[in-house]
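Here's the structure we're looking at; comments come further down.
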Amino acid sequence: ARRVILNGEPGYVNKQNLRLGRIGKDDNLRPDLAEGFNPCGEQPLESHELCTLVETCPTKCAGYKEWLRACEYATFYASTVTLLPTHSNITNKVMNRNRRIGVGIIDFSGWKHTEGMHKVIKYMRLGYKKVREINKWVNDEAGIPTANRVTTVKPGGTVPKVVGRTASWNRPTFKWTLRRVRISNQSKMVPLLIAAGVPYEVDIASMNTLVFEFPIVQGPAKPAEEGSVWEQAFDLTTLQAEWSDNAVSNTIYFKPKWVLSRIVEDGQKLTLNPEYFKQLGPDHWESKSTRLKGNMIYDYNPNHEEDSIEPVLSAIAPRTKSASMLPHTAKGVYAQMPEEGITEEEYHLRVSKITSIDWSLLRNEESTPDKYCSGGVCESNINAI
Numbered sequence: 352a353r354r355v356i357l358n359g360e361p362g363y364v365n366k367q368n369l370r371l372g373r374i375g376k377d378d379n380l381r382p383d384l385a386e387g388f389n390p391c392g393e394q395p396l397e398s399h400e401l402c403t404l405v406e407t408c409p410t411k412c413a414g415y416k417e418w419l420r421a422c423e424y425a426t427f428y429a430s431t432v433t434l435l436p437t438h439s440n441i442t443n444k445v446m447n448r449n450r451r452i453g454v455g456i457i458d459f460s461g462w463k464h465t466e467g468m469h470k471v472i473k474y475m476r477l478g479y480k481k482v483r484e485i486n487k488w489v490n491d492e493a494g495i496p497t498a499n500r501v502t503t504v505k506p507g508g509t510v511p512k513v514v515g516r517t518a519s520w521n522r523p524t525f526k527w528t529l530r531r532v533r534i535s536n537q538s539k540m541v542p543l544l545i546a547a548g549v550p551y552e553v554d555i556a557s558m559n560t561l562v563f564e565f566p567i568v569q570g571p572a573k574p575a576e577e578g579s580v581w582e583q584a585f586d587l588t589t590l591q592a593e594w595s596d597n598a599v600s601n602t603i604y605f606k607p608k609w610v611l612s613r614i615v616e617d618g619q620k621l622t623l624n625p626e627y628f629k630q631l632g633p634d635h636w637e638s639k640s641t642r643l644k645g646n647m648i649y650d651y652n653p654n655h656e657e658d659s660i661e662p663v664l665s666a667i668a669p670r671t672k673s674a675s676m677l678p679h680t681a682k683g684v685y686a687q688m689p690e691e692g693i694t695e696e697e698y699h700l701r702v703s704k705i706t707s708i709d710w711s712l713l714r715n716e717e718s719t720p721d722k723y724c725s726g727g728v729c730e731s732n733i734n735a736i
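For the sequence shown, this note's numbering gives the first residue as 352, with consecutive numbering after it.
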């Protein structure tokens, strides 16, 4: 808990629970032989195993019955994908045995907000039953074993944004939001964004990268800052018990004790009175209400939740397969946060200053795929594997 407060890391993995399906449910599943997680933490995997993920969005469906239909299509698709062989015999062996898939849910917080938790729990139980039913039918038709695990909650990077919904299970970070996107200064998109009036600045960690700021609106659920760390913890354990027999990729937000107030620019005169501070080390002063670290000034938050971190992690550890936490405030705790809360007035002001972006100017451009090159060596010979 102390290290989480300092760095937002580490999260934990409960390896005792990896062998289970939905925690607390007697689904009569064979034990999972997974040894760890995929990088995002939604799929326990054996070595060389693939995730095979697909997402559904209940808040884009006309009622839960239509969502159950979406679960059918998603399960049919994911189950069929496991029939495709890879170039690796080791991967094919474990895939043929497990047939693991992960049917996910987008915008859980919006679903809970519009339907109520009691209905959502009912729908998830029906959905899990439907996914299992369709997976058995598809795999029986193909003459293969049913999947050892079928459901998940993935973090959802791109797909939720395409349908305009909140990713994964979390609440929206903020309602009125400044979303920062990092783009190489050599990208052909840069002149288009600048011409459209999209604000930007140089990345503090890379002089070759520009950080563009886009105003967006998130919802309909209340933003994360209006929810407690305990409510988030219960949402996580509910999803792990009622929906995901794989795992739930998660980040539980907590209100930090020290909140970033402003950054002192190089050469700018510091107006804080040193007599109110005591020196803790180089570039580090603090008082009861204000702290200076490097060139960043922090204010004390009397409503912080740092004292709840250890009790929360201890309470949910037996009911989860993993958990991670991060501090969360409107201004953030670090400079150039991916998302920052803004006011409604600032949102409308920023939107009014951005003109249409003429993406047709990129029509004949082709992206350069990753070649996995290092020095004079590029990729491995796939036929030799």
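Ideal Cβ positions, reconstructed from N, Cα and C, are used throughout, including at glycine.
Rounded straight-line distance, which links the Cα of residue j to that of residue i
{"i": "S557", "j": "R533", "result": "10 Å"}
{"i": "T433", "j": "E397", "result": "15 Å"}
{"i": "R516", "j": "E466", "result": "16 Å"}
{"i": "T588", "j": "T671", "result": "6 Å"}
{"i": "E577", "j": "T694", "result": "15 Å"}
{"i": "S430", "j": "P542", "result": "43 Å"}
{"i": "N358", "j": "T602", "result": "14 Å"}
{"i": "Y651", "j": "I567", "result": "28 Å"}
{"i": "R370", "j": "A592", "result": "14 Å"}
{"i": "F563", "j": "A546", "result": "12 Å"}
{"i": "I356", "j": "V580", "result": "14 Å"}
{"i": "G362", "j": "A674", "result": "6 Å"}
{"i": "E716", "j": "V549", "result": "21 Å"}
{"i": "C402", "j": "T641", "result": "46 Å"}
{"i": "N521", "j": "R701", "result": "26 Å"}
{"i": "V364", "j": "S707", "result": "45 Å"}
{"i": "N490", "j": "R483", "result": "11 Å"}
{"i": "S519", "j": "T426", "result": "18 Å"}
{"i": "T739", "j": "Y551", "result": "Nothing about residue 739 can be read from this structure; the chain reaches only from 352 to 736."}
{"i": "S600", "j": "I495", "result": "28 Å"}
{"i": "R531", "j": "E690", "result": "6 Å"}
From the options, residue whose alpha carbon lies closest to that of residue i
{"i": "D378", "options": "E577, K512, T517, K480", "result": "K480"}
{"i": "D596", "options": "G414, G453, N365", "result": "G453"}
{"i": "G392", "options": "P506, S659, K606", "result": "P506"}
{"i": "P571", "options": "G478, M688, P523", "result": "P523"}
{"i": "L477", "options": "S673, R500, W418", "result": "W418"}
{"i": "S612", "options": "F585, V580, K606, M647", "result": "M647"}
{"i": "K512", "options": "A421, L677, Q569", "result": "Q569"}
{"i": "G414", "options": "N389, S439, W488, Y474", "result": "Y474"}
{"i": "N447", "options": "H399, W488, T410, T426", "result": "H399"}
{"i": "D554", "options": "M688, T437, L544", "result": "M688"}
{"i": "V514", "options": "F525, G461, T497", "result": "G461"}
{"i": "R450", "options": "R381, D658, V610", "result": "R381"}
{"i": "R500", "options": "E696, R373, D658", "result": "R373"}
{"i": "P574", "options": "A681, Y551, E552", "result": "A681"}
{"i": "E657", "options": "K606, H679, A493, T502", "result": "K606"}
{"i": "L590", "options": "C422, M468, C412", "result": "M468"}
{"i": "L544", "options": "R354, R353, Q367, K704", "result": "K704"}
Test: residue i CB closer than 7 Å to a CB of chain B
{"i": "K512", "result": "Looking for chain B here will not work: only one protein chain is present."}
Extent of the continuous beta strand (DSSP E) to which residue i belongs
{"i": "G461", "result": "Looking at the DSSP string, G461 is not in any beta strand (DSSP E); the run it does join, the alpha helix (DSSP H), is 459–466."}
{"i": "N559", "result": "557–568"}
{"i": "F605", "result": "603–605"}
{"i": "V553", "result": "551–554"}
Residue environment, residue i, which counts as buried when at least 16 other CB atoms sit within 10 Å
{"i": "K416", "result": "exposed"}
{"i": "S711", "result": "exposed"}
{"i": "G387", "result": "exposed"}
{"i": "Y424", "result": "exposed"}
{"i": "H438", "result": "exposed"}
{"i": "A584", "result": "buried"}
{"i": "I667", "result": "buried"}
{"i": "Q394", "result": "buried"}
{"i": "I485", "result": "buried"}
Limits of the alpha helix (DSSP H) - the one that residue i falls within
{"i": "S430", "result": "415–432"}
{"i": "E406", "result": "Not the alpha helix (DSSP H): E406 falls in the beta strand (DSSP E), residues 404–407."}
{"i": "R451", "result": "R451 -> no alpha helix (DSSP H), and no H or E assigned at all."}
{"i": "P678", "result": "Looking at the DSSP string, P678 is not in any alpha helix (DSSP H); the run it does join, the beta strand (DSSP E), is 676–678."}
{"i": "V355", "result": "353–358"}
{"i": "T589", "result": "580–593"}
{"i": "E696", "result": "695–704"}
{"i": "I708", "result": "No alpha helix (DSSP H) holds I708; DSSP gives it neither H nor E."}
{"i": "S665", "result": "660–667"}
Query - contact_flag[the stretch 555–569, the stretch 535–545] where n(CB pairs < 8 Å) is 3 or more - result: Under the three-pair Cβ rule at 8 Å, the stretch 555–569 counts as touching the stretch 535–545.
Query raised in the report: Three or more C-beta pairs closer than 8 Å, one from the stretch 400–407 and one from the stretch 440–458: is that the case here?
Result: Touching, per the Cβ criterion.
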